[in-house]
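This report refers to the structure that appears directly beneath it.
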Amino acid sequence: MSFDLFENEILGIVGETGSGKSVTGRSMMGLLPIPPAVVAGGSVTYRPSGLCPFCEGACCSSCGGTGAATCPSCGGPGCPECEGTGRSGIDLLNASVESMRQLRGRRIAMIFQDASKALNPVLSIRDQVAEVFLQHRSHDLLAGLDGPVLPPVRRAIRQEAGYLERQLLLFPPFRSQSRRLRKMLDDLVAQALADVQIANPRKVMESHPHQLSGGMKQRAMIAQAMACDPDVLIADEPTTALDTTVQARILELILEMRQRSRTAVLYISHDLSVVKMVCDRVGVMYAGTIAEIGSAERVFRSPHHPYTRALLGAVPSAGQERGHLAAIKGLVPEFSLDSPLCRFHDRCSYAVDACRSSRPRDVQVAPGHSVACFGYGTAEAHGLPATGGDDLPHVQIPVVEKGPVGV
Ligand code: SF4
Ligand SMILES: [Zn+2]
Ligand SMILES: [Zn+2]
11 MSFDLFENEI
21 LGIVGETGSG
31 KSVTGRSMMG
41 LLPIPPAVVA
51 GGSVTYRPSG
61 LCPFCEGACC
71 SSCGGTGAAT
81 CPSCGGPGCP
91 ECEGTGRSGI
101 DLLNASVESM
111 RQLRGRRIAM
121 IFQDASKALN
131 PVLSIRDQVA
141 EVFLQHRSHD
151 LLAGLDGPVL
161 PPVRRAIRQE
171 AGYLERQLLL
181 FPPFRSQSRR
191 LRKMLDDLVA
201 QALADVQIAN
211 PRKVMESHPH
221 QLSGGMKQRA
231 MIAQAMACDP
241 DVLIADEPTT
251 ALDTTVQARI
261 LELILEMRQR
271 SRTAVLYISH
281 DLSVVKMVCD
291 RVGVMYAGTI
301 AEIGSAERVF
311 RSPHHPYTRA
321 LLGAVPSAGQ
331 ERGHLAAIKG
341 LVPEFSLDSP
351 LCRFHDRCSY
361 AVDACRSSRP
371 RDVQVAPGHS
381 VACFGYGTAE
391 AHGLPATGGD
401 DLPHVQIPVV
411 EKGPVGV
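Counting from 11, one number per residue, gives the positions in the sequence shown under the numbering used here.
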């Protein structure tokens, strides 16, 4: 599969459970457990804007001492190496552990599906959210302290202080600076929690995860992910566990953050109505591949791929007769790298022999709208021998102008 995620856009990824949505998000973050996961190939290129993400402008070897994230080959105007973007590219699949540690949380953040597993059970919410600020905003914290910063305090900000050094901070002359640091961190954490509509954040931040409800844990994790205004936010079912009112606030927050920081958001969800509401583009995933991708407006108004149509047709609507819920028969197949066929063939009512022996390629049906199905495009576009005509006459998919959109 291949897709672009541009800055200042929200790309929705939808599909059934098991279609590979979360794995896609986790592999972008380098968070797949290896083994059993195997990175067989491919690349995930992150092109940061503004300052170099490793030194934040202070100059380092990654940016060649410029402090900026501009392409080293062309210096900005755009060249084939940077795909015309003028920005340097970082391959996240091959980045070092240290590089990923610097990027994660600050430049690329993730909201996980299951807050109970994502939060550390032995640390308070305060410590977990404060860690993001200590890790990625140490410059601001250092600048907020008066006078020269004493070495143990500096080491505490950099999370390098050992047990004895941390004890030293309780006594003069370190005590006043360490108190000021604690206050700054408390204020930042309280503000981050208040931003996700946690009432009484000063009290909640002293709690441990097991003392909070599922919705509160989810919001604490969202606060953690959004704390540093990341360039890329991967939101994996961010609002599934939340009430509708809180869900609306979280969606507003994501939209606000996108507006403020031009954040690129990958919004993974089952909820087609939310995707339709907040996403600029939508990609429909099936068995580890993108079946259809295009602007949300187009995909919902005129879905082309049989799977997209089936998915949209399965959404119950308010006016629907009782007892008649549409479903897609069968299950998502196991992932396999080499199967030379359309992975949807055994559930597709339009399938023909070609679908069981060749894999369709992405074909553009309109600007920015691609579909991987033999019902569209020419034989040549799918890498098949020409059939005499331009089209693939054997797959007949009726045109749907107004899709079965019940969302
Ligand atoms: S390629 Fe064939 S099996 Fe696959 S979605 Fe299209 S018509 Fe159905
Ligand atoms: Zn640098
Ligand atoms: Zn370039």
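C-beta: ideal position from N, C-alpha, C; glycine also.
Where does residue i fall in DSSP's three states?
{"i": "GLU26", "result": "coil"}
{"i": "THR254", "result": "helix"}
{"i": "GLN112", "result": "helix"}
{"i": "PRO414", "result": "Note on PRO414: pLDDT 46, under 50, position unreliable in the model; the coordinate value appears next. Reduced to three states, the DSSP call for PRO414 is coil."}
{"i": "ASP372", "result": "strand"}
{"i": "LEU302", "result": "According to the sequence as given, residue 302 is Glu; it is not Leu. Reduced to three states, the DSSP call for GLU302 is strand."}
{"i": "ASP246", "result": "strand"}
{"i": "LEU276", "result": "strand"}
{"i": "ASP400", "result": "Reliability of the predicted coordinates at ASP400 is poor, the pLDDT of 49 falling under 50, and no value is obtained from them."}
{"i": "ALA125", "result": "helix"}
{"i": "THR80", "result": "strand"}
{"i": "TYR173", "result": "helix"}
{"i": "PHE16", "result": "coil"}
{"i": "LEU61", "result": "strand"}
{"i": "MET267", "result": "helix"}
{"i": "MET11", "result": "coil"}
{"i": "GLU66", "result": "coil"}
{"i": "PHE354", "result": "coil"}
{"i": "ARG366", "result": "helix"}
{"i": "ARG311", "result": "helix"}
Quick test of your reading: residue i and residue j, contact by CB under 8 Å. State the CB separation rounded to the nearest angstrom.
{"i": "PRO313", "j": "LEU322", "result": "6 Å"}
{"i": "VAL292", "j": "ALA301", "result": "About 11 Å; that fails the 8 Å criterion."}
{"i": "ILE175", "j": "PRO162", "result": "A small correction: the amino acid at residue 175 is Glu; Ile does not occupy that position in the sequence shown. Correct: roughly 5 Å between the Cβ atoms."}
{"i": "GLY97", "j": "SER59", "result": "Residue identity differs from the one stated: residue 97 is Arg in this sequence, not Gly. Sure, about 6 Å apart at Cβ, within 8 Å."}
{"i": "ILE121", "j": "MET39", "result": "ILE121 to MET39, Cβ: 11 Å. No contact."}
{"i": "ALA233", "j": "LEU203", "result": "5 Å"}
{"i": "SER439", "j": "HIS392", "result": "Residue 439 is absent from the structure shown; the chain starts at 11 and stops at 417."}
{"i": "ALA47", "j": "ILE135", "result": "Not quite, the Cβ-Cβ distance comes to about 29 Å (not below 8 Å), so this is no contact."}
{"i": "TYR277", "j": "ARG353", "result": "Actually they do not touch by this definition, with Cβ atoms about 23 Å apart."}
{"i": "ALA79", "j": "LEU61", "result": "6 Å"}
{"i": "GLY30", "j": "GLY298", "result": "4 Å"}
When the cut-off is 8 Å and only beta carbons count, does residue i lie next to chain C?
{"i": "GLY154", "result": "Here chain C cannot be found, since the structure has a single protein chain."}
So who's on the other strand from residue i, going by DSSP bridges?
{"i": "ASP101", "result": "THR55"}
{"i": "ARG291", "result": "LEU21 and SER305"}
{"i": "SER380", "result": "ILE303 and GLN374"}
{"i": "MET120", "result": "ILE244"}
{"i": "TYR296", "result": "THR299"}
Could you give the residue range of the alpha helix (DSSP H) that holds residue i?
{"i": "MET231", "result": "224-236"}
{"i": "GLY323", "result": "316-323"}
{"i": "SER186", "result": "185-205"}
{"i": "LYS339", "result": "That residue, LYS339, is in no alpha helix (DSSP H); it is neither H nor E in DSSP."}
{"i": "PRO211", "result": "211-214"}
{"i": "ARG36", "result": "31-39"}
{"i": "VAL163", "result": "161-167"}
{"i": "ASP156", "result": "Element bounds for ASP156: n/a, residue is neither H nor E."}
{"i": "ALA361", "result": "First-last for ALA361: undefined, no H or E at that position."}
{"i": "ASP137", "result": "135-146"}
- Under 7 Å from any heavy atom of ligand 3, by CB: list those residues in chain order, please. With the cut-off at 7 Å, the residues found are CYS81, SER83, CYS84, GLY88, CYS89, GLU91, CYS92 and GLY96.
- Hey, which residues come within less than 6 Å of ligand 2, measuring from Cβ to any heavy atom, in chain order? After applying the 6 Å Cβ criterion, the set is CYS62, PHE64, CYS65, CYS69, CYS70, SER72, CYS73 and GLY77.
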